[in-house]
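A.B. asks: If you're matching positions, the sequence shown starts at 54 in the numbering used here and goes up one per residue.
Have a look at the structure that comes next, please.
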Amino acid sequence: MSVLSIEEKLLSKLRKAKGVRKPTTKNIFERVMIIPPRRVWVSNYERNLISIFNPGVVKNGKNIEIFARLAFEYYKYASSLGWMVLSFDEVLEGRVRERYEVKIVMWPRYLWDFRGCEDPRVTLKDGKIMMLYTGAAYMGLEDKERFKGIRQKYSEKLMVLGDVLAYAEFDEERKPHRKGYFKIVDEDEAYLPFSNKDAAFLGGGRRDWILHRPHIGGPEDMRTRMGWNGYVDLDEMVIYADTMEVTLPLEGWETKVGWSTNAVKIGSDEYLVGWHGVLFENIEYRNGLAVVDGEGRLRGITNYVLAVSGDLQESYGDRPLSIFGDGLIKVDEMIYWFGGLCDYAIGVYRTEFDKVMEEMKWLRG
């Protein structure tokens with residue numbers, strides 16, 4: 054009897070996944086403000102900023118801390134992550150400053166984030182920041198056969214393009230003190246997917262549950278990009294394969310889905326989290342919300358409730374027709390979604406919590 058590899062086991066689970074959503078859109082969010090790159094000054098780097106987008110967000114007292122993706126050129130599009138602070142009153146009132154100061158706190162340093170640090174989701178715990186983000190990577194030569202067809206000649210070595218699920222911790226001064234990326238493990242086997250991204254912490258412990266979006270198989274397996282849960286060990290930087298289940302299935306009208314935001318606790322064992330799907334029809338990003346339990350199992354999900362309005366400011370940019378990620382907060386009975394607008398600016402949206410619950414289709418509990 055043959056022993057299945059991690060990849061084969063995960064593909065078997067993936068084939069059993071069934072969707073429950075409908076291809077309908079009901080925009081329940083209103084746009085509060087836009088922060089464009091022309092209003093942003095990067096205080097510790099001399100180049101001119103061309104885009105600021107896909108922000109991870111936490112509310113810390115009366116302030117909003119934003120960790121946003123920054124780009125300064127188009128040739129390689131290698132992103133860094135910048136940190137900025139707003140008062141919540143500014144967001145509440147939709148007040149846009151003449152100028153925001155941003156400081157770069159994370160930038161490419163290793164082969165596994167050489168092509169950029171991207172799309173952070175952040176959690177505040179004991180005054181410190183826990184960050185999951187995408188490391189746009191050059192994979193090692195040992196994986197070149199599995200990833201054939203997307204190789205690139207670089208520095209006289211045949212490298213492989215991919216994405217790793219990366220992790221960093223920041224102290225109270227927002228200096229990073231730890232950095233690494235996750236592998237999926239099962240007994241003595243370790244598996245590094247072609248891509249793993251779109252992740253959020255649930256509990257935030259050293260050993261706890263996360264949501265993530267591994268791309269199982271190779272780049273030709275385009276129908277495997279779905280949302281999963283998984284149990285992680287932050288000290289070992291591993292995700293345990295036997296704990297992983299598909300919790301956000303791909304629907305027939307979509308090219309891919311993934312988790313969009315951090316998870317917001319709304320009950321004793323309930324978390325609200327944003328997700329996205331990309332349509333076959335026009336490759337537009339549309340967004341919804343889900344409720345998961347403490348292990349990331351799906352309890353309820355909406356259809357699309359946040360999409361571009363067609364207005365020029367939020368439908369045109371470096372990547373048209375996209376509101377993407379990455380930050381979600383709940384203040385009193387309002388939900389605020391901080392997203393990237395078409396890979397060029399930050400957009401802030403809000404809706405009533407009750408309106409979200411009205412659109413929720415409950416599956417369990």
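From the three backbone atoms N, C-alpha and C, an ideal C-beta is built for every residue, glycine too.
Quick caveat, the model's predicted, so the values are computed rather than measured.
Give the DSSP-derived three-state secondary structure of residue 406 in the structure shown.
C.D. replies: Taking the sequence shown and counting its residues from 1, the one referred to as residue 406 is at position 353. DSSP places residue 406 in helix when its eight states are reduced to three.
A.B. asks: Would you mind reading off the limits of the alpha helix (DSSP H) that contains residue 63?
C.D. replies: On the sequence shown, residue 63 is found 10 positions in, with the first residue counted as 1. From DSSP, the alpha helix (DSSP H) with residue 63 extends over 59-68.
A.B. asks: So, with DSSP's three-state summary, where would you put residue 89?
C.D. replies: To locate residue 89, count along the sequence shown from 1; it is residue 36. Residue 89 falls in the coil class under three-state DSSP.
A.B. asks: Skipping 5 residues on each side, what residues in its chain have a beta carbon closer than 6 Å to that of residue 304?
C.D. replies: Locating residue 304 in the sequence shown gives position 251, where the first residue counts as 1. Closer than 6 Å at Cβ, skipping near neighbours: 72 and 74.
A.B. asks: Below 8 Å on the Cβ atoms is my guess for residue 84 versus residue 400; work out the distance and round it to an integer in Å.
C.D. replies: Counting from one through the sequence shown, the residue named residue 84 turns up at place 31. Counting from one through the sequence shown, the residue named residue 400 turns up at place 347. Sure, about 6 Å apart at Cβ, within 8 Å.
A.B. asks: Please go through the region 154-189 and give each complete beta strand (DSSP E) segment of 3 or more residues, from N-terminal end onward.
C.D. replies: 169-178
A.B. asks: For the pair the region 320-333 and the region 378-392, tell me if three or more CB-CB distances fall below 8 Å.
C.D. replies: yes
A.B. asks: For residue 342, which beta-bridge partners are listed by DSSP?
C.D. replies: Taking the sequence shown and counting its residues from 1, one reaches residue 342 at position 289. As a beta-bridge residue in DSSP terms, residue 342 pairs with 327.
A.B. asks: According to the neighbour-count rule (16 or more other Cβ atoms, all chains shown, within 10 Å of its Cβ), is residue 206 buried or exposed?
C.D. replies: Taking the sequence shown and counting its residues from 1, the one referred to as residue 206 is at position 153. Confidence at residue 206 is low in this model, with a pLDDT of 49, below 50, so the placement of that residue is unreliable and no value is reported for it.
A.B. asks: Three-state secondary structure (DSSP) at residue 82?
C.D. replies: Against the sequence shown, residue 82 aligns to sequence position 29. In this structure, residue 82 counts as coil in the three-state DSSP scheme.
A.B. asks: Apply the 10 Å Cβ neighbour rule to residue 297 and answer buried if 16 or more other Cβ atoms are within range, or exposed otherwise.
C.D. replies: Sequence index remark: in the sequence shown, residue 297 carries index 244 (1-based). Buried, because 16 or more other Cβ atoms sit within 10 Å of the Cβ of residue 297.
A.B. asks: Can you tell me where the beta strand (DSSP E) with residue 2 in it begins and where it stops?
C.D. replies: Examination of residue 2 is not possible in this model, given that the chain is present from 54 through 418 alone.
A.B. asks: Is it true that the region 156-163 meets the region 105-119, where meeting means three or more beta-carbon pairs spaced less than 8 Å apart?
C.D. replies: no
A.B. asks: With 16 other CB atoms within 10 Å as the buried threshold, where does residue 367 fall?
C.D. replies: Numbered from its first residue, the sequence shown carries residue 367 at position 314. By the 16-neighbour rule on beta-carbons within 10 angstroms, residue 367 is buried.
A.B. asks: Apply the 10 Å Cβ neighbour rule to residue 365 and answer buried if 16 or more other Cβ atoms are within range, or exposed otherwise.
C.D. replies: For the purposes of this step, residue 365 is taken as the residue at position 312 of the sequence shown. With a 10 Å radius around the Cβ and a threshold of 16 neighbouring Cβ atoms, residue 365 comes out exposed.
A.B. asks: Please report how far the alpha carbon of residue 259 lies from the alpha carbon of residue 253, in whole angstroms.
C.D. replies: Locating residue 259 in the sequence shown gives position 206, where the first residue counts as 1. Locating residue 253 in the sequence shown gives position 200, where the first residue counts as 1. Near 14 Å, if we compare the C-alpha coordinates of residue 253 and residue 259.
A.B. asks: How many Å lie between residue 268 and residue 390 at the Cα?
C.D. replies: What you label residue 268 is simply residue 215 of the sequence shown in a count that begins at 1. What you label residue 390 is simply residue 337 of the sequence shown in a count that begins at 1. Cα-Cα distance, rounded: 25 Å.
A.B. asks: Kindly indicate which three-state DSSP category residue 355 falls into: helix, strand or coil?
C.D. replies: As a working note, residue 355 is residue 302 in the sequence shown. Note: residue 355 maps to coil in three-state DSSP.
A.B. asks: Since residue 286 and residue 104 are thought to touch, with beta carbons under 8 Å apart, how far apart are those beta carbons, to the nearest angstrom?
C.D. replies: Here residue 286 refers to the residue found at position 233 when the sequence shown is read from its first residue. Here residue 104 refers to the residue found at position 51 when the sequence shown is read from its first residue. With 8 Å as the limit, residue 286 and residue 104 do not qualify as a contact, their Cβ atoms being about 35 Å apart.
A.B. asks: Based on the DSSP secondary-structure assignment, which residues constitute the bridge partners of residue 230?
C.D. replies: Within the sequence shown, the letter at position 177 stands for residue 230. DSSP lists no partner for residue 230.
A.B. asks: If I measure Cβ to Cβ from residue 180 and keep anything under 6 Å in the same chain, skipping five residues before and after, which residues do I get?
C.D. replies: Residue mapping note: residue 180 aligns to position 127 of the sequence shown, counting from 1. Cβ within range, chain order: 225.
A.B. asks: Take residue 129 as the anchor and find which of 409, 143 and 190 has the nearest alpha-carbon.
C.D. replies: Position 76 of the sequence shown holds residue 129. Nearest option by C-alpha distance: 190.
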